[in-house]
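Numbering (our numbering), first residue to last: 943 to 1118.
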């Protein structure tokens, strides 16, 4: 299964560079657009007390909703299949409670598979890999610094963005 089918966002990766001044942050952002060939929508500068902080960090709210729906549906469905396979295996192994209570154990296996699949879907949907980026940016702007946020859409864009941020001499953090 292609893991990217779980996500509704176009840019799955988030990279950030912390800068001391707004001028430096704007210069780095312009370089990312020019040399990294990123669109203006893919590069955002977050300033202290920025009213658009959340939108700049997560610019695809509809994509996030699609991700939540897809991960819950797909992983919930896979969980049900795993539950069915577990039930079948227990039936073949003549596990007592399955043989004595086939309907109840069948329902329990399917429901448990669904629940665990949906829990996994929720974990994937909240994107724990983005936490380090969000917290680093939040800490930077809380201390008066600025951050350049990039949302590369391909592996090449990610590599180019990382290289440009490092060449600019800024602190770089990213998600996968």
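Each residue gets a CB set at the ideal place from its N, CA and C atoms; glycine is no exception.
Report the three-state DSSP secondary structure of residue 1079 (helix, strand or coil). As a first step, residue 1079 is located in the chain shown; it is residue number 137 there, counting from the start. It is helical.
Under 8 angstroms between the Cβ atoms of residue 1017 and residue 1055? As a working note, residue 1017 is residue 75 in the chain shown. As a working note, residue 1055 is residue 113 in the chain shown. Going by beta carbons, residue 1017 and residue 1055 fall outside the 8 angstroms limit.
What separation, rounded to the nearest whole angstrom, lies between the Cα atoms of residue 1030 and residue 1015? Taking the first residue of the chain shown as position 1, residue 1030 is located at position 88. Taking the first residue of the chain shown as position 1, residue 1015 is located at position 73. Roughly 23 angstroms separates the two Cα atoms.
Under 6 angstroms Cβ to Cβ from residue 967, same chain only, skipping five residues before and after it: list those, please. Reading the chain shown from its first residue, position 25 is the one you call residue 967. Cβ within range, chain order: 961, 987, 1088, 1090.
Hey, could you find the ends of the beta strand (DSSP E) residue 1129 is sitting in? No statement about residue 1129 is possible, as the shown extent of the chain runs from 943 to 1118 and does not include it.
I believe residue 980 touches residue 1103 by the beta-carbon criterion, under 8 angstroms. Please report the beta-carbon distance rounded to the nearest angstrom. Locating residue 980 in the chain shown gives position 38, where the first residue counts as 1. Locating residue 1103 in the chain shown gives position 161, where the first residue counts as 1. That belief holds up - the Cβ atoms of residue 980 and residue 1103 are roughly 7 angstroms apart, short of 8 angstroms.
Determine the direct distance from the alpha carbon of residue 1107 to that of residue 989, and round the result to whole angstroms. Numbered from 1 along the chain shown, position 47 holds the residue referred to as residue 989. Numbered from 1 along the chain shown, position 165 holds the residue referred to as residue 1107. Their backbone Cα atoms lie some 17 angstroms apart in a straight line.
Under three-state DSSP, which class holds residue 1057? What you label residue 1057 is simply residue 115 of the chain shown in a count that begins at 1. Under the three-state reduction of DSSP output, residue 1057 falls in the helix class.
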